[in-house]
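If you want this note's numbering, it's the position in the sequence shown, counting the first as 1, plus 103. Below you'll find the structure, written out as structure tokens, and then a few comments.
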Amino acid sequence: MESNNDKKLELNPDSLKILKNRIYLMERENHKTKKYKDNEMVERIRKLIEAEVDKNDN
């Protein structure tokens with residue numbers, strides 16, 4: 104069984120820094136409000152990462 108982790112893609116440091124900051128802010132806000140469950144937060148973070156990768160891939 105092949106995993107998606109086999110395909111490695113490097114983001115440039117600026118994009119990575121922005122992405123890390125956005126994820127931190129999302130987690131911090133959710134910690135205060137408890138608006139999203141853990142699995143919902145994971146899904147939101149995955150979508151954010153996928154969007155950033157797609158943006159840099161093009």
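Note that beta-carbon positions come from the ideal geometry of N, C-alpha and C, so glycine has one too. Values in this document were obtained by computation on a predicted structure and should not be read as measured data.
Problem - Cut-off 7 Å between Cβ atoms - residues of its own chain near S118, not counting five sequence neighbours on either side - result: E155 and N159
Problem - Through-space distance from R131 to K137, alpha-carbon basis - result: Between K137 and R131, the C-alpha separation is close to 10 Å.
Exercise for the section: May I ask you to report which of helix, strand or coil DSSP gives L119? Expected result: Looking at L119 - three-state DSSP - the assignment turns out to be helix.
Problem - Local conformation of E105 per DSSP, three classes - result: The predicted model places E105 with a pLDDT of 47, which falls under 50 and marks its position as unreliable; any figure quoted below should be read in that light. Coil.
Exercise for the section: Tell me whether the beta-carbon of N133 lies closer than 8 Å to the beta-carbon of Y127. Expected result: no
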